[in-house]
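Please read the structure below before turning to the comments.
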Amino acid sequence: MKAVLMTVAGNPQVLQLQEVPKPTPGNTEILVRLVAAGINPIDTKLRKRGTFYPEQMPAILGCDGAGIVEAVGGEVTKFGPGDEVYFCYGGLGAHQGNYAEYTTVDEKFVASKPKSISFAEAAAAPLVLITAWEALYERGKLEPGEKVLVHAGAGGVGHVAIQLVKLKGADVATTISTQEKANFVTKLGADKVIFYKQTDFIQATLDWTDEEGVDLAFDTIGGETFDQTFSAVRIYGDIVTILEPDVNTVWKVARTKNLRICLELMLTPMLLGNTEGLQHHGEILQQCATWIDEGKLKIQVSHTFPLEEAANAHQLLEDGGIIGKIVLLISDNQKTA
């Protein structure tokens with residue numbers, strides 16, 4: 000089969016299309032003919048610095064996949080050949096990723112693809128859906144009627160986070176940089192749009208909340224934005240970040256306000272081999288598939304590239320400014336089911 004291999008760490012050009020053996024499913028695994036694969040920031044980070052398992056090079060990157068079941072292991076009961084699925088699994092350097100024509104994945108970690116969207120949209124969804132779900136619903140314990148600040152609302156994680164906040168019955172403010180992005184997040188349901196380059200997002204958030212601060216802030220940017228956001232959160236409020244806090248983070252405001260600080264890394268079950276967590280990811284995706292098919296949740300794909308142009312896709316993501324997600328198209332089966 001064809002796959003994009005990373006043989007060494009480096010710039011996007013280290014990603015090269017090659018022929019590799021087609022995988023065989025284990026007893027509880029399904030063999031998926033991949034139709035599309037999502038591109039995520041974790042992919043570019045691993046390409047630049049090396050994977051979590053450097054002794055297992057070369058590697059096939061790509062955590063997000065969507066495709067059609069071609070074969071199943073002897074103990075598989077949930078799926079059969081011809082079923083359309085989507086999932087977040089592999090691509091960290093141990094198990095094969097999804098920049099390939101085929102992959103295998105345990106059936107427990109997989110969900111049925113939403114029927115109403117394309118394979119490209121489905122492949123764009125898993126990592127960002129799981130990340131936003133865990134950050135808001137599990138780490139941040141979001142409740143109806145609360146007020147939430149989501150940073151970078153037009154990005155991959157941000158644009159689904161806005162929608163998950165609204166599905167919970169809460170209000171959401173979000174930071175963006177352009178009018179195009181403002182129009183986009185407003186259509187998604189954002190209650191307050193903050194142009195962070197022209198406006199102090201802290202003061203804008205305080206103005207929106209009658210000087211109290213939000214109940215929950217979701218940081219998708221990190222760095223100075225993380226500790227600056229402490230001032231935009233109410234006393235005894237919550238802040239969840241998907242980035243590792245900088246060693247120079249100033250914690251004084253967070254401590255004075257008695258904030259609850261939560262870290263969100265949806266890759267944890269994969270990194271630590273936690274089967275229960277991976278199965279939970281499949282359950283999250285199944286619920287999100289229902290919402291997508293009900294028209295309550297949308298996935299934005301900004302650009303698509305053929306598999307052999309994975310390097311160009313990485314470069315575009317690193318250039319920044321993307322609205323939504325970038326996807327690799329692996330086969331021509333892109334119709335909505």
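According to numbering that gives the first Met the number 0, the sequence shown holds residues 0 to 336 in order.
Glycine is no exception: its CB is placed at the ideal position from the N, C-alpha and C atoms.
In this text, all values refer to a predicted model and were calculated from it rather than measured experimentally.
Residue i, enclosing alpha helix (DSSP H) - first and last residue
{"i": "Phe118", "result": "Phe118 to Ala123"}
{"i": "Arg259", "result": "Careful: Arg259 lies outside any alpha helix (DSSP H), inside the beta strand (DSSP E) at Arg259 to Leu262."}
{"i": "Met274", "result": "The amino acid occupying residue 274 in the given sequence is Thr; Met does not appear at that position. That run of the alpha helix (DSSP H) goes Thr274 to Asp292."}
{"i": "Leu271", "result": "Thr267 to Leu271"}
Neighbourhood of residue i by C-beta, 8 Å cutoff - its chain only, sequence neighbours within 5 removed
{"i": "Asp233", "result": "Rather than Asp, the amino acid found at residue 233 in this sequence is Arg. Result list for Arg233: Thr208, Glu211, Gly212, Val213, Asp214 and Lys256, in chain order."}
{"i": "Thr6", "result": "Val13, Gln15, Met56 and Pro57"}
{"i": "Glu28", "result": "Val71, Gly72, Val75, Thr103, Val104, Asp105 and Glu106"}
{"i": "Thr267", "result": "Asn273 and Gly276"}
{"i": "Pro22", "result": "Leu30, Gln95, Tyr101, Thr102 and Thr103"}
{"i": "Gly79", "result": "Val68 and Val71"}
Own chain, CB closer than 7 Å to residue i, minus 5 neighbours either side, in chain order
{"i": "Ile329", "result": "Leu33, Val34, Ala35, Ala36, Glu100 and Leu306"}
{"i": "Glu133", "result": "Glu263 and Met265"}
{"i": "Thr174", "result": "His150, Ala151, Gly152, Ile193, Tyr195 and Phe200"}
{"i": "Thr303", "result": "Ala119, Val326 and Leu328"}
Residue i versus residue j - alpha carbon distance
{"i": "Gly319", "j": "Leu60", "result": "20 Å"}
{"i": "Ile116", "j": "Arg254", "result": "45 Å"}
{"i": "Glu54", "j": "Gly92", "result": "9 Å"}
{"i": "Lys165", "j": "Val68", "result": "33 Å"}
{"i": "Val31", "j": "Gln227", "result": "44 Å"}
{"i": "Gly221", "j": "Ala121", "result": "27 Å"}
{"i": "Ile321", "j": "Thr219", "result": "14 Å"}
{"i": "Leu296", "j": "Leu163", "result": "8 Å"}
{"i": "Asp206", "j": "Gly168", "result": "21 Å"}
6 Å Cβ shell around residue i - same chain, five flanking residues per side excluded
{"i": "Ser230", "result": "Ile201 and Val252"}
{"i": "Cys261", "result": "Arg138 and Val239"}
{"i": "Glu317", "result": "Thr43"}
Contact belief for residue i with residue j at Cβ below 8 Å, rounded distance in angstroms
{"i": "Glu83", "j": "Lys112", "result": "4 Å"}
{"i": "His150", "j": "Gly144", "result": "In fact, because the Cβ distance is near 21 Å, the residues do not count as touching under 8 Å."}
{"i": "Leu126", "j": "Leu284", "result": "Actually they do not touch by this definition, with Cβ atoms about 10 Å apart."}
{"i": "Leu271", "j": "Phe217", "result": "At roughly 23 Å, the Cβ-Cβ gap does not stay under 8 Å, so Leu271 and Phe217 are not in contact."}
Where the beta strand (DSSP E) containing residue i begins and where it ends
{"i": "Lys256", "result": "Where Lys256 is concerned, there is no enclosing beta strand (DSSP E), although the alpha helix (DSSP H) it sits in stretches over Lys251 to Lys256."}
{"i": "Phe108", "result": "Premise fails: Phe108 is in no beta strand (DSSP E) and is neither H nor E."}
{"i": "Met5", "result": "Lys1 to Met5"}
{"i": "Asp170", "result": "Asp170 to Ile175"}
{"i": "Leu16", "result": "Leu14 to Glu18"}
Just list the beta strand (DSSP E) runs in the stretch 207 to 240, keeping only unbroken ones of 3 residues or longer that don't cross its boundaries, in chain order. Listed in chain order, they are 213 to 218 and 232 to 240.
Ordered list of alpha helix (DSSP H) runs contained in the stretch 30 to 78, each at least 4 residues: Correct list: 40 to 48.
Counting only runs that start and end within the stretch 135 to 200, where is the alpha helix (DSSP H) found for 4 or more residues in a row? Complete alpha helix (DSSP H) runs here, min 4: 155 to 166 and 178 to 187.
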